[in-house]
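Numbering (the working numbering), first residue to last: 115 to 361. A quick write-up on the structure given underneath.
Okay, structure coming up:
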């Protein structure tokens, strides 16, 4: 797995199922968008790439830089903005400070999906169903490790079932155990969460720092990420076998 973007280049993705995580806030927003009927989420690297797609049918531009909405875009990166009235049946072209880089790297795998605290069990069920080794990419905070992504990765690994833990995976699992049942503490323990709070985005923290409130899993289709509903009983009834969680 990669606990920060500095590890993306060395994280194995070829032939693997790859999950991208950006709890605050890109993958949480993507899950929310899928819950509200968004047809497709297309990650792009920068504002220019997003603007180049503006004239497409049914396209909405969304994103942020430094936590702030991008002027001229239709939406920011707050999960609560992605309401059904705005996004149902639409294509959301998304660019963010951290998350979209992880999303784009994930698409280089054999299969790719987006995970957040809000859909962590459903994302694990999807990965288990793929029957491949798994790599997890944490978007981080401006190139560095972010606590909330590490916690989400740990909860995801634990939900995947028996695995050979390599690299930072064991540390992530320990973080997941520490914060399980008290995710609200991340609002003050996470540096990025504190920055968002200072931007008066406490509602975003409340929306993102919740576990398993969705069974939507945005999966890569070739054109972008589209919603796939995961069976919430899969974790209880499936037989995961043993897999490797990549370093």
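Every residue, glycine too, gets a C-beta built ideally from N, C-alpha and C.
Residue i and residue j: beta carbons closer than 8 angstroms?
{"i": "residue 340", "j": "residue 153", "result": "yes"}
{"i": "residue 231", "j": "residue 325", "result": "yes"}
{"i": "residue 251", "j": "residue 116", "result": "yes"}
{"i": "residue 207", "j": "residue 176", "result": "yes"}
{"i": "residue 266", "j": "residue 137", "result": "yes"}
{"i": "residue 159", "j": "residue 253", "result": "no"}
{"i": "residue 249", "j": "residue 125", "result": "yes"}
Consult DSSP for residue i and reduce its assignment to one of helix, strand or coil.
{"i": "residue 194", "result": "helix"}
{"i": "residue 290", "result": "helix"}
{"i": "residue 242", "result": "helix"}
{"i": "residue 297", "result": "helix"}
{"i": "residue 200", "result": "helix"}
{"i": "residue 154", "result": "strand"}
{"i": "residue 146", "result": "helix"}
{"i": "residue 138", "result": "coil"}
{"i": "residue 405", "result": "Residue coverage of the chain in this structure runs from 115 to 361, which leaves residue 405 outside it and unanswerable."}
{"i": "residue 278", "result": "strand"}
{"i": "residue 255", "result": "strand"}
Would you mind sorting residue i into buried or exposed? The rule is 16 or more other CB atoms within 10 Å of its CB.
{"i": "residue 284", "result": "exposed"}
{"i": "residue 131", "result": "buried"}
{"i": "residue 278", "result": "exposed"}
Compute every distance between the C-beta of residue i and the non-hydrogen atoms of the ligand ADP, then say whether any falls below 7 angstroms.
{"i": "residue 180", "result": "The ligand ADP is not part of the structure shown, which contains no ligands of any sort."}
Contact defined as beta carbons within less than 8 angstroms: I believe residue i pairs with residue j. What is the distance between those atoms, to the nearest angstrom?
{"i": "residue 193", "j": "residue 316", "result": "About 13 angstroms; that fails the 8 angstroms criterion."}
{"i": "residue 155", "j": "residue 338", "result": "5 angstroms"}
Three Cβ pairs or more, each shorter than 8 angstroms: is that satisfied between the stretch 286-305 and the stretch 258-273? yes
Would you say the stretch 288-301 touches the stretch 166-179, given that touching needs at least three Cβ pairs under 8 angstroms? no
Three Cβ pairs or more, each shorter than 8 angstroms: is that satisfied between the stretch 184-202 and the stretch 144-152? yes
Cβ contact check for the stretch 235-242 and the stretch 212-220: 3 or more pairs under 8 angstroms: By the Cβ rule, the stretch 235-242 does not count as touching the stretch 212-220, because fewer than three pairs are nearer than 8 angstroms.
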